[in-house]
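S.K.: Quick one: structure below, then a few questions.
In this note's numbering, the protein residues as written are 211 to 418.
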C-alpha cells in the first residue's frame, strides 16, 4: 500500500541525509516562532515608528506630492538667492531654511563638486554665480545660521495663513544685525590694542 511504501522510503534514508534535512529545517524556520521572537519583532516595529515620527516632525509635506514640493523649494531658494529676502507662509519658510543653508555649504566649499551639487538645486546659472562669488565668501567665518525666519504679525488675507519673512543674515541694509561669529571676533579684535595704540588712543585702564 501507499503507507507501507512511505514507511519503507523513510527507513531507507541514511543518517547523513536525515541530519542535512534537519539542518535545512532549522535554517528555513522563522525566528519569530516563539515568544522571544515576537518581542524582538515588536521592538523593531517600535524603533521604525519612532524614526518615522522624527522624520515627519522635521520635514513638512505642505499638502503637495514630493516632486511638486521639491520643484517649489527649488524655485523659492533661487528667488531667495536673487533677492536675499522673500515673504512666504511660515511653514514654507521653515522648510526652505534647510535647503537655503545647504546651498551656502556648497558655496563655502568652492570646488567643482560643490558647484555641481548647487546646479542640481538652483535653477538659474547667474544665481549659482552669485552664490559662489558673493554669498559663499560672505559666510566664510560663520559656521551656521545663514538664514533668519521672522513671523509677521498679520496673516494672509483670504485663508488667514501665518506669514513670515525669510532672509540671509549679514546682507546689506538688514534691519537687525546678526550675532557676530567667534571667528570674526578673533579676526577683528586680536590686534585691536595695536591699532588703537597706532591711532594714539589709550585704553580706559591706562594711567599716564
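Note that CB positions come from ideal geometry on N, CA and C, so glycine has one too.
(1) Suppose contacts are defined by Cβ-Cβ distances below 8 Å. Is residue 328 in contact with residue 313 by that definition?
(2) Specify, as a first and last residue, the run of the beta strand (DSSP E) that residue 295 falls within.
(3) To the nearest whole angstrom, what separates the beta carbons of residue 311 and residue 348, a pair I think is in contact under 8 Å?
(4) In chain order, which continuous runs of the beta strand (DSSP E) of length 3 or greater are located wholly inside the region 326 to 366?
(5) Could you pull out every residue in the same chain whose Cβ sits closer than 8 Å to the Cβ of residue 322, ignoring the five residues on either side in sequence?
(6) For the 8 Å Cβ check, are there 3 or more pairs between the region 350 to 367 and the region 300 to 307?
(7) Spell out the partners DSSP gives residue 374 in its beta bridges.
(8) For a quick check, are the C-beta atoms of residue 378 and residue 305 less than 8 Å apart?
(9) In whole angstroms, give me the CA-to-CA distance for residue 318 and residue 368.
(10) Under the three-state reduction of DSSP, which class applies to residue 392: helix, strand or coil?
(11) By Cβ distance, which residues of its chain are closer than 6 Å to residue 394, with the 5 residues on each side in sequence left out?
(12) Going by the beta-carbon positions, is the gap between residue 291 and residue 376 smaller than 8 Å?
(13) With a Cβ-Cβ cutoff of 8 Å, do residue 284 and residue 333 count as a contact?
(14) Give me, in chain order, the residues of the same chain whose beta-carbon lies closer than 8 Å to that of residue 288; leave out the 5 immediate sequence neighbours on both sides.
(15) On a CA-only basis, which of 339, 342, 270 and 340 is nearest residue 308? Give me that one, please.
(16) Shortest alpha-carbon distance to residue 342 belongs to which of 279, 325 and 276?
(17) Confirm, please, whether the CB-CB distance from residue 286 to residue 274 is below 8 Å.
(18) Please state the DSSP three-state secondary structure of residue 276.
M.R.: Let me spell this out:
(1) Along the chain shown, one-based indexing puts residue 328 at 118. Along the chain shown, one-based indexing puts residue 313 at 103. A Cβ-Cβ contact shorter than 8 Å links residue 328 with residue 313.
(2) Walking along the chain shown from the start, residue 295 turns up at place 85. 295 to 299 is the span of the beta strand (DSSP E), which, as asked, contains residue 295.
(3) In the chain shown, counting from the first residue as 1, residue 311 sits at position 101. In the chain shown, counting from the first residue as 1, residue 348 sits at position 138. 14 Å between Cβ atoms; not a contact.
(4) Fully enclosed beta strand (DSSP E) runs of 3 or longer: 357 to 361.
(5) Within the chain shown, the letter at position 112 stands for residue 322. Once the five neighbours on either side are set aside, residue 322 has no close Cβ partner at all.
(6) With the rule of 3 Cβ pairs closer than 8 Å, the region 350 to 367 counts as touching the region 300 to 307.
(7) Translated into positions along the chain shown, residue 374 becomes position 164. The beta-bridge partner set that DSSP reports for residue 374 consists of 298 and 361.
(8) Here the question's residue 378 lines up with position 168 in the chain shown. Here the question's residue 305 lines up with position 95 in the chain shown. For residue 378 and residue 305, no; Cβs fall outside 8 Å.
(9) Stepping through the chain shown from its first residue, residue 318 is reached at position 108. Stepping through the chain shown from its first residue, residue 368 is reached at position 158. Counting only the Cα atoms, residue 368 lies some 41 Å from residue 318.
(10) For the purposes of this step, residue 392 is taken as residue 182 along the chain shown, with counting starting at 1. The answer is helix: DSSP assigns residue 392 an H, G or I state.
(11) Reading the chain shown from its first residue, position 184 is the one you call residue 394. The residues are 351.
(12) Your numbering for residue 291 matches position 81 in the chain shown. Your numbering for residue 376 matches position 166 in the chain shown. Against a cut-off of 8 Å, the Cβ pair of residue 376 and residue 291 comes out as no contact.
(13) Against the chain shown, residue 284 aligns to sequence position 74. Against the chain shown, residue 333 aligns to sequence position 123. In this structure, residue 284 places its C-beta atom within 8 Å of the C-beta atom of residue 333.
(14) Counted from its first residue, the chain shown places residue 288 at position 78. 332, 333, 334 and 337.
(15) Within the chain shown, residue 308 is the residue found at index 98, counting from 1. Closest option to residue 308, Cα to Cα, is 270.
(16) One-based indexing of the chain shown puts residue 342 at position 132. The alpha carbon of residue 342 has as its nearest neighbour, out of 279, 325 and 276, the alpha carbon of 325.
(17) Position 64 of the chain shown, counted from the first residue, corresponds to residue 274. Position 76 of the chain shown, counted from the first residue, corresponds to residue 286. Their beta carbons are not under 8 Å apart, which means residue 274 does not touch residue 286 by this criterion.
(18) Mapped onto the chain shown, residue 276 falls at position 66. Residue 276 falls in the helix class under three-state DSSP.
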